[in-house]
Amino acid sequence: MKLGIISFAHMHAYSYARALQDLDGVELCGISDENEARGREAAAKFGVTYFADYNALLSEDIDAVIVTSENVNHHKHVLAAAKAGKHVLCEKPLGTTLEEMKEMVNVCRENGVKLQTAFPVRFNTSIQQGKKIIEEGKLGRIIAMKGTNRGTNPGGWFVIKSLSGGGAVMDHTVHVVDIMRWFMNAEVTEVYAEAGQFFSDQIDDCGLLTMEFDNGVFATLDCSWSRNKAYPTWGDVTLEVIGTEGTIFIDAFGQKLNVYSDSSGANWHYWGDDMDAGLVKDFIECIKEDREPSITGEDGLKAVEVALAAYKAAEQKSPVKLTILK
Amino acid sequence: MQHVLVIGAGTMGTVHASSYAKMENVELAGIVDIRKQIGGPLAAKLNTNYFTSFEEAVTQLPRIDVIDVCLPTYLHKKYVLKAADLGKHVICEKPLARTKEDAKEMISYCKEKGVKLFVGHVLRFFPEYVKAKEIIDKNEIGKPAMARTTRGGIFPTAWNDWYADYKNSGGLVLDMIIHDIDFLRWCFGDVKRVYAKSVLGRSFNRIDYALLTLRFENGMIAHVEGTWAHEGFSTYLEIAGDNGIIEFDSKKEKSIYAQIRQKENGGGVAVPSSPLKENPYYQELAHFMECIENDCEPIVSAEDAFKAVEISLAALESIETGKVVEIKPSLTHA
Numbered sequence: 023m024k025l026g027i028i029s030f031a032h033m034h035a036y037s038y039a040r041a042l043q044d045l046d047g048v049e050l051c052g053i054s055d056e057n058e059a060r061g062r063e064a065a066a067k068f069g070v071t072y073f074a075d076y077n078a079l080l081s082e083d084i085d086a087v088i089v090t091s092e093n094v095n096h097h098k099h100v101l102a103a104a105k106a107g108k109h110v111l112c113e114k115p116l117g118t119t120l121e122e123m124k125e126m127v128n129v130c131r132e133n134g135v136k137l138q139t140a141f142p143v144r145f146n147t148s149i150q151q152g153k154k155i156i157e158e159g160k161l162g163r164i165i166a167m168k169g170t171n172r173g174t175n176p177g178g179w180f181v182i183k184s185l186s187g188g189g190a191v192m193d194h195t196v197h198v199v200d201i202m203r204w205f206m207n208a209e210v211t212e213v214y215a216e217a218g219q220f221f222s223d224q225i226d227d228c229g230l231l232t233m234e235f236d237n238g239v240f241a242t243l244d245c246s247w248s249r250n251k252a253y254p255t256w257g258d259v260t261l262e263v264i265g266t267e268g269t270i271f272i273d274a275f276g277q278k279l280n281v282y283s284d285s286s287g288a289n290w291h292y293w294g295d296d297m298d299a300g301l302v303k304d305f306i307e308c309i310k311e312d313r314e315p316s317i318t319g320e321d322g323l324k325a326v327e328v329a330l331a332a333y334k335a336a337e338q339k340s341p342v343k344l345t346i347l348k
Numbered sequence: 655m656q657h658v659l660v661i662g663a664g665t666m667g668t669v670h671a672s673s674y675a676k677m678e679n680v681e682l683a684g685i686v687d688i689r690k691q692i693g694g695p696l697a698a699k700l701n702t703n704y705f706t707s708f709e710e711a712v713t714q715l716p717r718i719d720v721i722d723v724c725l726p727t728y729l730h731k732k733y734v735l736k737a738a739d740l741g742k743h744v745i746c747e748k749p750l751a752r753t754k755e756d757a758k759e760m761i762s763y764c765k766e767k768g769v770k771l772f773v774g775h776v777l778r779f780f781p782e783y784v785k786a787k788e789i790i791d792k793n794e795i796g797k798p799a800m801a802r803t804t805r806g807g808i809f810p811t812a813w814n815d816w817y818a819d820y821k822n823s824g825g826l827v828l829d830m831i832i833h834d835i836d837f838l839r840w841c842f843g844d845v846k847r848v849y850a851k852s853v854l855g856r857s858f859n860r861i862d863y864a865l866l867t868l869r870f871e872n873g874m875i876a877h878v879e880g881t882w883a884h885e886g887f888s889t890y891l892e893i894a895g896d897n898g899i900i901e902f903d904s905k906k907e908k909s910i911y912a913q914i915r916q917k918e919n920g921g922g923v924a925v926p927s928s929p930l931k932e933n934p935y936y937q938e939l940a941h942f943m944e945c946i947e948n949d950c951e952p953i954v955s956a957e958d959a960f961k962a963v964e965i966s967l968a969a970l971e972s973i974e975t976g977k978v979v980e981i982k983p984s985l986t987h988a
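Set out below in structure tokens:
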């Protein structure tokens with residue numbers, strides 16, 4: 023199977039590329055990037071051809087592409103790939119407006135290509151273990167959830183709204199909302215949020231969401247870029263689940279070594295399973311087996327819908343009901 | 655030398671009475687509890703007088719300077735007012751009252767009667783929380799942006815199961831995470847609006863769980879978690895500023911870890927703990943005694959306690975209505 027990568031704007035492109043090259047029977051054939059220097063460097067690093075124009079990459083004999091461009095460019099890249107008949111694994115957030123995401127989902131369906139949203143956290147082994155515990159009914163009925171997906175302000179295009187569509191709330195709402203939806207097979211019906219700018223003056227960098235689900239569960243999610251330079255790691259993904267018969271707490275990156283270095287300070291080094299590799303492997307398998315992607319375009323859309331509602335709620339200072347359900 | 659009468663021999667009454675008994679310049683005058691089998695042995699153990707009623711105690715004791723009310727929340731007002739009527743200084747367990755109106759009345763009544771009213775917001779005496787505030791005040795983490803707190807454990811069992819009666823206790827939002835609410839107000843000032851969710855109205859038996867979002871006047875955001883859905887008590891505090899982060903997790907920060915080998919039944923039970931020479935309750939009550947002796951202002955005022963009740967009740971209102979509740983300044987210093 024042959025793949026290409028459109029844009030290395032998002033740093034996850036590097037781990038996806040490595041994951042592709044580690045898979046048997048899979049070939050990374052080309053990289054396109056509007057930023058020529060970045061594209062050429064990545065192409066050289068992975069030993070593949072550089073394409074200045076993504077349409078040229080799409081006209082090659084490849085089966086699928088991974089889209090890791092700036093958030094606002096997902097739309098045009100996914101549409102072009104679909105029309106060229108290439109399956110797509112698209113970085114999260116799937117898009118920045120509901121209309122664009124609906125079009126992405128529809129165009130991929132019309133052209134008979136698979137659209138998978140890149141939610142690698144579903145492939146974190148501890149998260150998968152958590153889902154198993156819930157499905158076995160060990161927690162009884164779920165009452166509430168409390169999640170965090172904190173990070174460090176990534177800077178660059180992430181803090182330019184015309185490229186990212188939003189700051190921390192856009193960037194860090196979707197992973198854990200997707201996990202909550204996936205754990206419960208339930209949809210968010212209402213969102214409230216407080217958001218703020220504390221760490222820079224460019225874009226929202228703190229957010230705290232409260233959600234109601236259609237199964238009567240309530241949840242909060244802290245999506246802030248609140249980890250500072252001296253903090254021992256970049257951020258976290260944690261999820262606490264409260265059930266009638268018990269609770270679980272998942273710290274998705276809790277498998278770590280604490281390292282204290284005179285040259286690089288205090289750092290946590292993660293040694294758990296590589297979830298990005300799991301995501302890429304799953305995408306390849308879904309193409310090979312010609313099955314529905316395990317994480318669909320609709321999943322990507324629904325998670326972004328929550329982030330967009332959070333912005334609206336924060337602005338109007340009252341909860342926002344979600345209307346497009348199931 | 656202050657002579658203190660403790661009303662209520664439950665969990666908190668026991669802690670308070672035991673603290674007074676250890677203080678050199680304080681006389682534990684007596685303990686009141688309607689339950690003979692509980693109040694009697696505690697009084698005997700602490701070498702003090704036992705009474706089955708408030709009236710019996712105040713008529714029989716030759717001297718009382720301070721009355722410490724460690725009763726269920728809905729009984730606070732009745733006994734604080736009774737104590738004030740007798741001209742005694744009052745220490746009242748938190749939350750000050752079940753309603754804002756009661757809290758306000760208790761404060762003004764004590765002022766009228768010229769007695770001091772102290773409220774047991776003991777978190778302001780826990781060294782880890784005191785230290786966190788010092789670090790914030792010294793600007794070591796820069797301008798605070800996000801705070802997260804957790805408090806809780808198993809559903810509390812007490813006399814008459816009063817915690818399970820929401821009308822009387824206000825559930826964990828009013829009873830327990832009011833500690834964190836007061837601490838956050840102490841660090842960051844007044845709260846502007848509150849949004850909250852809890853299991854209230856979702857009918858789960860003997861489980862309470864609440865998640866609050868507080869927005870402060872200074873702009874910062876706080877997430878306050880309260881749980882009576884976990885095993886074992888724990889607390890968590892995290893404050894992220896624009897120049898640093900403070901983290902504290904009571905589950906992890908243990909200084910002694912005992913594991914006593916069992917002769918039978920295989921393995922022993924591990925008991926981690928974090929001991930202090932003087933517990934924070936002792937520090938709190940000693941501070942209140944000092945404020946009485948020296949006629950000075952306490953670290954936590956009755957007005958602070960009112961504000962904490964106000965925020966907790968706003969959270970309960972948000973839980974009940976599903977709406978954001980704005981906090982308007984409502985207590986003017988009379």
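Heads up: the protein sequence lines correspond to chains A and B, in order.
Add 22 to the 1-based position in the first sequence for this note's numbering, that's all there is to it.
Add 654 to the 1-based position in the second sequence for this note's numbering, that's all there is to it.
Don't be surprised by glycine CBs; every beta carbon is placed ideally from N, CA and C.
Fair warning: this is a prediction, and the values are worked out from it, not measured in the lab.
Contact check, residue i vs residue j, beta carbons under 7 Å
{"i": "A:V191", "j": "A:C245", "result": "yes"}
{"i": "A:L45", "j": "A:P142", "result": "no"}
{"i": "B:G898", "j": "A:N250", "result": "yes"}
{"i": "B:G843", "j": "B:E871", "result": "yes"}
{"i": "A:Q219", "j": "A:V181", "result": "no"}
{"i": "B:L750", "j": "B:V963", "result": "yes"}
{"i": "A:L161", "j": "A:T139", "result": "no"}
{"i": "B:R689", "j": "B:Y728", "result": "no"}
{"i": "A:D298", "j": "A:S316", "result": "no"}
Contact belief for residue i with residue j at Cβ below 8 Å, rounded distance in angstroms
{"i": "B:T867", "j": "A:L230", "result": "5 Å"}
{"i": "B:R778", "j": "B:E892", "result": "Incorrect: roughly 18 Å between the Cβ atoms, too far for contact."}
{"i": "A:T242", "j": "A:W290", "result": "Not a contact, Cβ separation roughly 24 Å."}
7 Å CB neighbourhood of residue i in its chain, flanking five on each side removed
{"i": "B:T889", "result": "T804, R805, S904"}
{"i": "A:I272", "result": "S148, I149, G152, T260, L261"}
{"i": "A:S222", "result": "N175, V181"}
Other residues of its chain near residue i: CB distance less than 6 Å, five sequence neighbours each side excluded
{"i": "B:V686", "result": "I661, F705, F708, A711"}
{"i": "B:L771", "result": "V744, C764, A956"}
{"i": "A:I88", "result": "I27, Y38, L111"}
{"i": "B:V845", "result": "L868, F870, I965, I981"}
{"i": "B:V954", "result": "H775, R778"}
{"i": "A:D55", "result": "S29, F30, G61"}
{"i": "A:G294", "result": "Q277"}
Any chain A beta carbon closer than 7 Å to residue i
{"i": "B:I973", "result": "no"}
{"i": "B:T867", "result": "yes"}
{"i": "B:A883", "result": "yes"}
{"i": "B:K690", "result": "no"}
{"i": "B:I875", "result": "yes"}
{"i": "B:I899", "result": "yes"}
{"i": "B:Y849", "result": "yes"}
{"i": "B:Y890", "result": "no"}
{"i": "B:V723", "result": "no"}
{"i": "B:V979", "result": "no"}
{"i": "B:A894", "result": "yes"}
{"i": "B:V845", "result": "no"}
{"i": "B:V878", "result": "no"}
{"i": "B:Y763", "result": "no"}
{"i": "B:V744", "result": "no"}
Minimum Cβ-Cβ distance from residue i to chain B less than 7 Å
{"i": "A:L230", "result": "yes"}
{"i": "A:L347", "result": "Because the pLDDT at A:L347 is just 49, under 50, the model does not fix this residue reliably, and the value given afterwards should be weighed accordingly. Taking Cβ atoms only, chain B never reaches closer than 7 Å to A:L347, which makes this a no."}
{"i": "A:S246", "result": "yes"}
{"i": "A:T1", "result": "Any property of residue 1 of chain A remains undetermined from this structure, which presents chain A solely from 23 to 348."}
{"i": "A:V196", "result": "no"}
{"i": "A:T269", "result": "yes"}
Beta-carbon proximity list for residue i, same chain, < 8 Å, skipping 5 on both sides
{"i": "A:T269", "result": "L161, E262, V263"}
message: Under 7 Å, CB to CB, which of the residues in the region 250-265 of chain A have a partner in chain B?
response: N250, A252, Y253, I264
query: What residues in the region 797-830 of chain B have a beta carbon less than 8 Å from any beta carbon of chain A?
result: K797, A799, M800, R802
query: Listed in chain order, which residues of the region 312-339 of chain A have Cβ atoms closer than 7 Å to some Cβ of chain B?
result: K339
message: So if I threshold CB-CB distances at 8 Å, which residues from the region 902-920 of chain B count as touching chain A?
response: none
field: Near-chain B residues of the region 151-170 of chain A (beta-carbon distance less than 7 Å), N- to C-terminal order
entry: I165, A166, K168
- prompt: Name the residues in the region 203-226 of chain A whose C-beta lies less than 7 Å from a C-beta of chain B; which are they?
  reply: Y214, E216, G218, F220, F221
task: Could you list the residues in the region 855-866 of chain B with a C-beta less than 7 Å from some C-beta on chain A, going in chain order?
output: R856, F858, I861, Y863, L865
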